[in-house]
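Notes to accompany the following structure.
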Amino acid sequence: MTKRQTTLAFLFFILAVFNVEPLSAREQTTALYLPAGSVEAAALIAPPPPVDSPGFREQMAVVLWMQRTRSPAQVAFVQEPLDLRRFAALLDADLLTVDGIALDRLVDAVIDEVRADYDAVKAQFDLPRPFVVNDAVEPVIEPRPVASYPSGHAIRAIVYARLLAEIFPERKDALIALARQIGYGRVTAGVHYPIDVTAGQTLGDAYADVIVQQPAFRQAVERLRQTR
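Start counting the sequence shown at 1447; every next residue gets the next number (the numbering used here).
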């Protein structure tokens, strides 16, 4: 492990140890970053094709093709957890120029609000996962039989990248590119259809467009920038 990798690993150890609060302290009765109704999520994405329709069979065919052609490197990529650590290599030592604990808390709070919104959208469309519909699908990550459409992973990856790009604008292109790869990886992993990912990326951008304009977020980013 290089000196830089050791430093980054230590940073995330500190975040894990000290970013602990009572649940009541982290819960918000009013959304600070994603006001209710600010994104008409279900209206932004088309309904998924019905199971067993020609459009659905096309989606499943892609899932099965990706399963047949995925490489060990692709499997390793999709098995990595989605959190701030996923983007650390792109940010490099820039992470050490901000208050890491404050950054972690900000991103966690935003993601909690985003997740609450898209969970309702998933429940509305209630599309079953590929491995639920077809026994031939072999996921390479833990198969969670919750609704498939849109992909929460794809949404969160875009939101992570967009939030970090507000703090580290010089890294924006690389952050967004990685976020999109993470989304596509959900098909490779056998846990989502392509349409789940594209819809998720659309919603991720829509959520981020609102979040980055909120006074609470702008103030938090300004405080983080002051430590750079």
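Heads up, the beta-carbon is just placed ideally off N, CA and C, and yes, glycines get one too.
- prompt: Would Arg1632 be called buried (16 or more neighbouring beta carbons within 10 Å of its own) or exposed?
  reply: When all chains shown are included, Arg1632 counts as buried.
task: Please report how far the alpha carbon of Pro1495 lies from the alpha carbon of Thr1543, in whole angstroms.
output: Our two residues, Pro1495 and Thr1543, have alpha carbons roughly 46 Å apart in a direct line.
Proximity winner among Leu1552, Tyr1595, Arg1514 and Glu1588, relative to Gln1570 (alpha-carbon distances): The option with the nearest alpha carbon to Gln1570 is Tyr1595.
- request: Give the straight-line distance between the Cα atoms of Thr1452 and Asp1538, rounded to the nearest whole angstrom.
  value: Any reading at Thr1452 must be qualified, since the residue scores a pLDDT of 45, below 50, and its modelled position is unreliable; the value itself is stated next. Cα to Cα, the separation comes out at about 11 Å.
message: Just verifying my parser: in three-state terms, what is the DSSP assignment at Ala1519?
response: Looking at Ala1519 - three-state DSSP - the assignment turns out to be helix.
- request: Keeping to the same chain, check which residues put their C-beta closer than 6 Å to that of Val1508; ignore five residues upstream and five downstream.
  value: Excluding the 5 residues flanking it on each side, Val1508 has same chain C-beta neighbours closer than 6 Å at Pro1640, in chain order.
Runs of beta strand (DSSP E) wholly within the stretch 1559–1583 (minimum 3 residues, chain order): Complete beta strand (DSSP E) runs here, min 3: none at all.
message: Quick test of the definition: if touching needs 3 or more C-beta pairs under 8 Å, does the stretch 1581–1590 touch the stretch 1638–1655?
response: Result no; under three Cβ-Cβ pairs closer than 8 Å.
message: To test your reading of the DSSP string, which unbroken alpha helix (DSSP H) runs of 4 or more residues are found completely within the stretch 1612–1669?
response: Entirely contained in the stretch 1612–1669, the alpha helix (DSSP H) runs reaching 4 residues are, in chain order, 1618–1634 and 1640–1657.
message: I'd like the span of the alpha helix (DSSP H) that includes Ala1535, first residue to last.
response: First-last of the alpha helix (DSSP H) with Ala1535: Ala1534 to Leu1537.
message: Just verifying my parser: in three-state terms, what is the DSSP assignment at Gln1672?
response: Correct three-state label for Gln1672: coil.
task: Might you give, ordered along the chain, the residues of its own chain that have their beta carbon closer than 8 Å to the beta carbon of Gln1536, omitting 5 neighbours on each side?
output: The displayed chain sequence assigns Leu, not Gln, to residue 1536. Cβ neighbours of Leu1536 beyond the five flanking positions: Arg1617, Ala1620, Leu1621 and Leu1624.
task: With DSSP as the reference, label Thr1543 as helix, strand or coil.
output: Assigned with DSSP and collapsed to three states, Thr1543 falls in helix.
- prompt: Hey, is Arg1516's beta-carbon within less than 8 Å of any beta-carbon in chain C?
  reply: Looking at the structure shown, chain C is missing, and only one protein chain is on hand.
- request: Closer than 6 Å by C-beta to Ala1600: which residues in its own chain qualify, once you throw out the five before and the five after it? Chain order, please.
  value: The beta carbon of Ala1600 sits closer than 6 Å to the beta carbons of Gly1629, Val1643, Gly1646 and Gln1647 from its chain, once the five residues preceding and following it are set aside; these are given in chain order.
query: What does a CB cutoff of less than 7 Å around Phe1502 pick up in its chain, not counting 5 residues either side in sequence?
result: Taken in chain order, the residues that qualify are Pro1495 and Pro1496.
Own chain partners of Val1521 with C-beta closer than 7 Å, once the 5 adjacent residues on each side are dropped: The beta carbon of Val1521 is closer than 7 Å to those of Val1586 in its chain, skipping five residues each way along the sequence.
- request: Measure the C-alpha to C-alpha separation of Asp1529 and Met1512 and round it to an integer number of angstroms.
  value: Counting only the Cα atoms, Met1512 lies some 24 Å from Asp1529.
- prompt: What separation, rounded to the nearest whole angstrom, lies between the Cα atoms of Met1506 and Glu1668?
  reply: If you take the alpha carbons of Met1506 and Glu1668, they lie about 45 Å apart.
task: Confirm, please, whether the CB-CB distance from Leu1480 to Ile1604 is below 8 Å.
output: No, the Cβ-Cβ distance between Ile1604 and Leu1480 is not below 8 Å.
query: Quick one, are the C-beta atoms of Leu1670 and Asp1563 less than 8 Å apart?
result: Taking 8 Å as the Cβ cut-off, Leu1670 and Asp1563 do not qualify as a contacting pair.
query: Using the rule of at least 16 other Cβ atoms within 10 Å of the residue's Cβ for burial, across every protein chain shown, is Gly1598 buried or exposed?
result: Answer is buried; the Cβ neighbour count reaches 16.
task: Give the DSSP-derived three-state secondary structure of Leu1549 in the structure shown.
output: Leu1549 carries a helical assignment under DSSP once its states are collapsed to helix, strand and coil.
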